[in-house]
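Per UniProt numbering, the sequence shown runs over residues 1 to 487.
Ideal placement from N, C-alpha and C gives every residue a C-beta, glycine not left out.
Here's the structure, in structure tokens; my notes come after.
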Amino acid sequence: MSEEILVNITPMETRVAVVDNGAAQEVLIERSNSRGMLGNIYSGKVVRVLPGMQAAFVDIGAERTSFIHVSDLLLPGQEGRARGAVENYLREGQKLVVQVTKEPLGTKGARLTTELSVSSRYLVYMPGGNHVGVSQRIDDAGERERLQALLAEGRTAEDMAGEGGFILRTAAEGVGLEELRGDLRYLQRLWAAVSRRAAAARKPELLYAELPLHLRTVRDLVRPGVERIMVDSRENFHALQEFCTDYMPEVSERLEHYAGERPLFDLHGIETEIQRALGRKVELKSGGYLVIDQTEAMSTIDVNTGSYVGRRNLEETIFKTNLEAATMLARQLRLRNLGGIIIVDFIDMQDEEHRRQVQRTLEKAMARDPARNKITGVSELGLVEMTRERTRESLSQLLCEECPVCSGRGLVKTAETICYEIFREIMRDARAYDTDQLMVLAAQDVIDRLLDEESANVADLEEFIGKRISLRVEPDTHPEHFDIVLF
1 MSEEILVNIT PMETRVAVVD NGAAQEVLIE RSNSRGMLGN IYSGKVVRVL
51 PGMQAAFVDI GAERTSFIHV SDLLLPGQEG RARGAVENYL REGQKLVVQV
101 TKEPLGTKGA RLTTELSVSS RYLVYMPGGN HVGVSQRIDD AGERERLQAL
151 LAEGRTAEDM AGEGGFILRT AAEGVGLEEL RGDLRYLQRL WAAVSRRAAA
201 ARKPELLYAE LPLHLRTVRD LVRPGVERIM VDSRENFHAL QEFCTDYMPE
251 VSERLEHYAG ERPLFDLHGI ETEIQRALGR KVELKSGGYL VIDQTEAMST
301 IDVNTGSYVG RRNLEETIFK TNLEAATMLA RQLRLRNLGG IIIVDFIDMQ
351 DEEHRRQVQR TLEKAMARDP ARNKITGVSE LGLVEMTRER TRESLSQLLC
401 EECPVCSGRG LVKTAETICY EIFREIMRDA RAYDTDQLMV LAAQDVIDRL
451 LDEESANVAD LEEFIGKRIS LRVEPDTHPE HFDIVLF
């Protein structure tokens with residue numbers, strides 16, 4: 001079984017799963033009330049220039065102001081990117097046409113660039129550039145030369161020679177002149193419309209929105225290895241058929257409408273995979289497991305042998321576990337969409353050849369990931385440092401929020417710790433206020449401990465302060481919260 005794409009669409013959200021050999025490799029989610037901004041082009045206004053950071057905040061009409069660094073400036077009439085101080089190029093109140101290169105993450109606004117681009121099936125058009133490139137995934141030198149020659153011929157035929165830069169996308173492999181000319185005409189019309197809107201804009205506003213997720217999926221993710229695209233919405237299946245007829249006729253025959261009673265994602269185990277991808281622990285078939293922790297600065301992955309004991313010796317057990325972990329963690333990074341700095345703590349290996357094989361396995365697995373990534377060697381401590389391109393929120397950031405109980409720590413204080421905090425608070429209150437009685441209001445576990453394990457300490461404290469202490473359970477209270485009421 002080869003690769004397939006599953007598209008689940010409801011009025012509230014669109015979800016896409018890329019499945020390879022029956023295992024989910026990637027999950028993309030777009031909600032109707034909060035569509036992503038990546039790739040959108042805006043008319044913006046500079047609201048603050050930050051010389052110390054060589055950057056500026058830009059209002060694009062979004063909830064949070066966005067951010068642009070001087071290295072992302074490509075202003076009209078310039079050769080290449082901006083160089084020097086940001087204040088030489090930007091001033092407060094200045095109008096700026098920008099494109100989102102990174103979605104807002106956490107409390108950070110979107111990352112912007114003035115190096116604008118719009119995409120079609122086979123081409124990326126960059127109006128402010130002059131470079132012509134070919135996707136690195138097309139590795140045949142002859143095919144790369146053929147495509148560049150066809151593009152030059154097409155640009156001349158469509159009167160676009162010398163107008164902007166282009167990148168030939170992976171999907172362009174094997175296509176002919178007429179397909180490229182069709183894309184050139186589409187991009188020419190699209191950019192003319194964006195330019196008109198930009199000239200007419202008087203306030204921060206959206207000029208161009210990327211396609212909705214189900215159409216982007218077909219445009220960007222369908223490769224020769226994708227056997228079918230299953231869609232569970234009849235209306236959107238017809239919309240995809242029309243889109244493919246206009247822009248990607250060769251894909252039309254791979255579209256299928258799923259009309260089964262059982263939900264599409266349930267049938268293929270995607271719901272289960274999503275739930276697992278929100279957990280810390282990932283089981284390996286051998287009995288080993290991964291522990292994945294995501295923080296704001298980086299993500300860490302710890303590899304453990306678990307119940308796997310091997311057949312020969314400890315070194316073989318460690319080696320086999322690390323090999324399986326390397327393949328699994330590459331899939332989990334893509335599935336969870338973890339980006340930025342990633343530290344992998346493989347189990348220590350004494351054999352240098354084993355370390356090399358684990359690294360090669362990891363590199364091979366990560367080569368299938370469409371996100372740019374870079375891997376260092378396996379150190380003597382078994383640590384691997386990686387970076388992975390981060391352009392949008394991770395799966396957990398999209399689907400989850402900070403725990404209101406632990407405030408994102410992942411831990412809460414023990415009942416014993418809370419009891420001792422209560423004792424200290426009682427001592428402070430007894431000295432500060434003239435009262436005969438104090439009442440402790442706290443969670444059930446805390447009151448239970450005060451009545452049981454800490455009962456002798458409560459009695460001693462009553463005698464010490466000369467005041468009566470009563471206890472009462474406060475239902476549904478935060479496990480760390482308590483109150484001392486004075487009578």
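Just confirm the distance between the C-beta atoms of residue i and residue j, as a whole number of angstroms; I'd bet it's less than 8 Å.
i, j, result
"Leu278", "Ser396", "6 Å"
"Gly109", "Arg64", "4 Å"
"His69", "Ala55", "5 Å"
"Thr305", "Thr295", "Not a contact, Cβ separation roughly 25 Å."
"residue 494", "Asp302", "Only positions 1 to 487 of the chain appear in the structure, and residue 494 is not among them; the question remains open."
"Leu6", "Ala17", "5 Å"
"Val194", "Ile41", "6 Å"
"Arg223", "His257", "No, Arg223 and His257 are not in contact; Cβ-Cβ is about 21 Å, not under 8 Å."
"Ile418", "Leu461", "Going by Cβ atoms, the distance from Ile418 to Leu461 rounds to 15 Å, so no, they are not a contact pair."
"Ile484", "Leu438", "6 Å"
"Ile342", "Met386", "4 Å"
Going by other Cβ atoms of all chains shown within 10 Å of its Cβ, with 16 needed for buried, is residue i buried or exposed?
i, result
"Met1", "Low confidence applies to Met1: its pLDDT is 47, below 50, so where it sits in the model is not reliable, and the reading given next is rough at best. Result: exposed."
"Lys45", "buried"
"His354", "buried"
"Asp183", "buried"
"Arg111", "buried"
"Tyr89", "buried"
"Thr114", "buried"
"His481", "exposed"
"Asn322", "buried"
"Asn337", "buried"
"Arg388", "buried"
"Ala352", "Note that residue 352 is Glu in the sequence shown, not Ala. Looking at its Cβ environment, which holds fewer than 16 other Cβ atoms inside 10 Å, Glu352 is exposed."
"Leu451", "exposed"
"Asp232", "buried"
"Leu335", "buried"
"Phe67", "buried"
"Met12", "exposed"
"Val19", "buried"
"Phe243", "buried"
"Leu314", "exposed"
"Thr272", "exposed"
"Met53", "exposed"
"Tyr433", "exposed"
"Thr217", "buried"
Using only alpha-carbon positions, find the residue among the options that is nearest to residue i.
i, options, result
"Leu411", "Lys374, His478, Ala459", "His478"
"Thr107", "Asp460, Ser286, Thr387, Glu393", "Glu393"
"Phe166", "Ala325, Ser379, Val132", "Val132"
"Glu158", "Ala171, Leu187, Asp140", "Leu187"
"Ser119", "Arg144, Ala161, Arg146, Ala172", "Ala172"
"Ile9", "Asp246, Leu190, Pro263", "Pro263"
"Val358", "Arg431, Ala325, Leu471", "Ala325"
"residue 515", "Thr272, Glu416, Pro370, Arg409", "In the structure as shown, the chain begins at 1 and stops at 487. Residue 515 is therefore absent and cannot be evaluated."
"Arg472", "Ser455, Glu463, Gln444, Ala456", "Gln444"
"Tyr125", "Glu474, Glu273, Met53, Gly164", "Gly164"
"Phe319", "Arg196, Ala297, Val378, Arg372", "Val378"
"Leu383", "Arg356, Arg196, Thr170", "Arg356"
"Glu205", "Met37, Ile465, Gln25, Arg431", "Met37"
"Pro104", "Thr14, Ala62, Val27", "Ala62"
"Thr170", "Arg185, Gly162, Gln148", "Gln148"
"Glu227", "Arg254, Leu74, Ala239", "Arg254"
According to DSSP, what are the bridge partners of residue i?
i, result
"Glu256", "Met230"
"Ile9", "Thr14"
"Met283", "Checking the sequence shown, residue 283 turns out to be Glu, not Met. Tyr289, per the DSSP bridge assignment."
"Lys108", "Leu105"
"Thr387", "Ile341, Lys374"
"Phe57", "Arg48, Phe67"
"Ile447", "Paired residue(s): none; Ile447 is not in a bridge."
Starting from residue i and walking both ways along the beta strand (DSSP E), at which residues does that stretch end?
i, result
"Phe482", "482–486"
"Val203", "The residue asked about is misnamed: residue 203 is Lys in this sequence, not Val. Careful: Lys203 lies outside any beta strand (DSSP E) and carries neither H nor E."
"His131", "Element bounds for His131: n/a, residue is neither H nor E."
"Ile29", "23–31"
"Tyr42", "41–50"
"Gln437", "437–442"
"Val175", "Neither: Val175 is in no beta strand (DSSP E) and is coded neither H nor E."
"Phe265", "Phe265 -> not in any beta strand (DSSP E); alpha helix (DSSP H) instead, spanning 264–267."
Between which two residues does the alpha helix (DSSP H) holding residue i run?
i, result
"Thr272", "270–277"
"Val458", "455–465"
"Thr156", "141–157"
"Ser396", "395–399"
"Thr417", "415–432"
"Ala477", "The amino acid occupying residue 477 in the given sequence is Thr; Ala does not appear at that position. Segment: none, Thr477 is in no alpha helix (DSSP H) and carries neither H nor E."
"Asp302", "Run containing Asp302: none in the alpha helix (DSSP H); it sits in the beta strand (DSSP E), 298–304."
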